[in-house]
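Residue numbers (the numbering used here), protein chains in the order written: chain A, 1 to 268; chain B, 1001 to 1210.
Note that beta-carbon positions come from the ideal geometry of N, C-alpha and C, so glycine has one too.
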Amino acid sequence: MSVITISRGSYSGGREVAERLAKKLGFECISREVILAASEQFNIPQLKLLEAVRDAPSILDRYRFGKERYVAYVRAALLRHVQRGDLVYHGFAGHFFLQQIPFALSVRIVADPEDRIQEVMRREGISAAEARRTLERIDEERSRWSRHLYGIDTSDPSLYDMVLNLRSLSIDDAVELIAQSAQRPAFRRTPETTRILDNFALAAQVEAVLIAEFPQAKASARDGNVFVAIHGPMGLQQGLTDKARDLVSFVEGVKQVTIHFVPLMTAD
Amino acid sequence: MPIITISRGSYSRGKEVAERLARELGHQCISREIILEASEQFNIPEIQLVHAIEDAPSFLDRVTRGKERYVAYVRAALLRRVQVGDVVYHGFAGHLLLRDVPSALKVRILARIEDRIQEVVKRDRVSEDEARERIAKADDERRKWSHHLYRVDPGDVSLYDIVLRIGPMTLDDAVGAIALAARLPAFQTTPEVRKTLAELADRADAEARS
């Protein structure tokens, strides 16, 4: 069948939509599980990964490759999940991670601002004014990290196939609408789109194993044939190429590797 | 059945969605006709009304608030119109004109920017850069317009019940989704809604004639 990503503001009711939808369709429903899978696969403490994909970027991070690294791990882990079966993903930035997957249905759930404030008050036991401030802070942080990592604002409606407003729609209405769309041919797996997924998933795995050593490495894959571009100083071409080839050769599903070395220019 | 408004970004194929939807539901599909009705109802030359509501606000408009009166005519005509039959309205600003009617199903149709550019290239036979500029200009005008009259940005998703993006989702998929939503209890024109509509129409009439 398919994969459905649910993007949601916090305290918006989006989680309930995701859970009921998965139940209705018999899909797996995941959010943080992806983080766990990534942390096991790439041997990174889960907490660090969580911070990396969630928190707004600090000034320091703009000069390191910290967050990009973790995002590469999460992307690789999520694509693996999608390869294994049908799912509803309501974790961080699903529409970004899966934007090249042709059959992914991306949905955003929005709620009435007043309803969100009520929800924060109820769950956290705080005043309306505090709840308002909390939401402003959370929204601002999320918007900052998505701009930082992807140059896009998560609240931009043109990123999604559908945006549903829970002010007028009930959670069950939203579930019904998403389930119907998920059954349309455009959002079903076909042999052709499965192949596209496999290619992207393999390229993501390759980038994830390379990123610690080669932060700017870019990979593409076609039926097990992998093409990788890496950067480095001219004199180190042989050594770096061998190193990259070694790392990539361990990735499951790789049949053949081509490394393209891009020499870094030094200032005159 | 509900009243349905379709707001559409320029070059986003929303008109086609509206027409197919109306056919499927057996609704009347209306857009600019409402201006003609308003011009007859309030005895204003149609051309004057068209310019007043479609052109971006001029400096003079901002000072005199001249546009508001014309919008009131159209609003009154639309509120009259939706009482006498089921409609899909895809003319100007349906979601704003019917903002006080919670049971109206307010839909926005978008398209991916790449697709919009291709649409303009094909339709107007211009380069991609030129197409991009035209889209930006059209979007900007609508934004100004909406800000001037209603102080809201048409891209604000909270104005709509459903936003659908044409692309992987086909026109028929979109029609199917809206038709399904149209059957939900929240959007039915109940006797109570009819009463509210009548009151709103009377008030809009009075406002337009004042």
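Item	Value
Determine the extent of the beta strand (DSSP E) in which residue 5 of chain A is found, giving its start and end residues.	3-8
For residue 1106 of chain B, which three-state DSSP category applies?	strand
List the endpoints of the continuous alpha helix (DSSP H) containing residue 14 of chain A.	14-25
So, under 8 angstroms CB-CB, residue 254 of chain A and residue 228 of chain A are touching, yes? Tell me the CB distance rounded to an integer number of Å.	That belief does not hold up - the Cβ atoms of residue 254 of chain A and residue 228 of chain A are roughly 10 angstroms apart, past 8 angstroms.
Sort out for me which residues DSSP pairs residue 89 of chain A with in a bridge.	A/5 and A/30
For chain A, is any of its Cβ atoms less than 8 angstroms away from the one on residue 1162 of chain B?	yes
Can you tell me which of the three DSSP states residue 1041 of chain B falls into?	helix
How would you list, in chain order, the residues of chain A whose beta-carbon sits under 7 angstroms from the beta-carbon of residue 1143 of chain B?	Those do not exist, as residue 1143 of chain B stays about 14 angstroms from chain A at its closest Cβ, beyond 7 angstroms.
Quick one: grab the DSSP three-state call for residue 218 of chain A.	strand
Measure how close the beta-carbons of residue 95 of chain A and residue 159 of chain A come, nearest whole angstrom, since I'm counting them as under 8 angstroms.	6 angstroms
Taking its Cβ as the centre, do 16 or more other Cβ atoms sit within 10 Å of residue 275 of chain A, making it buried, or is it exposed?	For chain A, the structure presents residues 1 to 268; residue 275 of chain A sits outside this window and is missing.
Looking at C-beta atoms only, is the number of pairs between the segment 1031-1043 of chain B and the segment 1109-1122 of chain B that lie closer than 8 angstroms three or more?	no
Just curious, the alpha helix (DSSP H) that residue 1027 of chain B is in, first and last residue?	Taken as a continuous stretch (DSSP letters only), residue 1027 of chain B belongs to no alpha helix (DSSP H), as it is neither H nor E.
What does residue 1227 of chain B touch in chain A if you count any residue whose Cβ is under 7 angstroms from its own?	Because chain B spans 1001 through 1210 in this model, residue 1227 of chain B falls outside it and cannot be assessed.
By how many angstroms is the C-alpha of residue 27 of chain A removed from the C-alpha of residue 262 of chain A?	43 angstroms
Where residue 222 of chain A and residue 203 of chain A are concerned, what is the direct C-alpha to C-alpha distance, given to the nearest angstrom?	9 angstroms
Can you tell me which of the three DSSP states residue 150 of chain A falls into?	helix
State whether the segment 114-130 of chain A contacts the segment 4-14 of chain A, with contact taken as three or more CB pairs (one from each stretch) at a distance under 8 angstroms.	yes
Comparing alpha-carbon positions, which option in A/143, A/79, A/240 and A/194 lies nearest residue 215 of chain A?	A/240
With residue 165 of chain A as the anchor, note down where its alpha helix (DSSP H) starts and where it stops.	Unbroken run through residue 165 of chain A is the beta strand (DSSP E), 162-165; no alpha helix (DSSP H).
Rounded to a whole number of angstroms, what is the C-alpha to C-alpha distance between residue 104 of chain A and residue 1198 of chain B?	44 angstroms
Apart from the five residues on each side of it in sequence, which residues of its chain come closer than 6 angstroms, Cβ to Cβ, to residue 31 of chain A?	90 and 91
Closer than 9 angstroms, Cβ to Cβ, to anything on chain B: give me those residues from the segment 12-43 of chain A, in chain order.	none
Could you tell me which residues DSSP puts in a beta bridge with residue 1169 of chain B?	B/1166
Using a Cβ-Cβ cutoff of less than 7 angstroms, which residues in the same chain neighbour residue 1208 of chain B once the five nearest sequence positions on both sides are dropped?	1042, 1072, 1073 and 1076
Which residues in chain B have a C-beta closer than 9 angstroms to the C-beta of residue 102 of chain A? List them in chain order.	1168
Would you mind reading off the limits of the alpha helix (DSSP H) that contains residue 239 of chain A?	237-249
On a CA-only basis, which of B/1150, B/1173, B/1206 and B/1176 is nearest residue 1053 of chain B? Give me that one, please.	B/1150
Residue 1117 of chain B bridges to which residues according to DSSP?	Bridge partners of residue 1117 of chain B: none, in fact.
Nearest by alpha-carbon distance to residue 197 of chain A: which of A/44, A/75, A/168 and A/68 is it?	A/75
Taking beta-carbon pairs under 9 angstroms, can you tell me which members of the segment 1012-1032 of chain B lie near chain A?	none
So which residues of chain A does residue 1186 of chain B contact, with C-beta pairs closer than 9 angstroms?	168, 169, 170 and 173
Just curious, the beta strand (DSSP E) that residue 94 of chain A is in, first and last residue?	Residue 94 of chain A -> not in any beta strand (DSSP E); alpha helix (DSSP H) instead, spanning 94-97.
Helix, strand or coil for residue 199 of chain A per DSSP?	helix
Within a Cβ cutoff of 8 angstroms, which residues of the same chain sit near residue 1117 of chain B, ignoring the five residues on either side of it in sequence?	1128, 1131, 1132 and 1135
Taking three-plus beta-carbon pairs below 8 angstroms as touching, is the segment 1012-1026 of chain B in contact with the segment 1163-1179 of chain B?	yes
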